[in-house]
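FYI, the numbering for the sequence shown is 348 to 394, going by this note's numbering.
Written out below as structure tokens is the structure these notes cover.
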Amino acid sequence: MESCRRCGAALGPSQRFCTACGAPADAPTPPPEANETVVLPPPGGAW
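Here's what the structure looks like:
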């Protein structure tokens, strides 16, 4: 049995869409979330 690439729910052999999240059964695997680091300016700026 195949599983949804987006949410991991089980998919039946004839399912075209996931019943849990609505993703197409042949949807590509989503990219991992980026761990973005926010760089703040040093204190005591332009004033």
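For glycine and all other residues, C-beta sits at the position ideal for the given N, C-alpha and C.
The C-beta distance from residue 353 to residue 368 rounds to 5 angstroms, short enough to meet the 8 angstroms contact threshold.
In the structure shown, the three-state DSSP call for residue 358 is strand.
In the displayed model, residue 371 falls within a strand according to three-state DSSP. Looking at the backbone, the Cα of residue 355 and that of residue 384 are separated by about 28 angstroms. In chain order, 351, 352, 353, 354, 364 place their CB closer than 8 angstroms to the CB of residue 370, counting only its own chain and leaving out the 5 sequence neighbours on each side.
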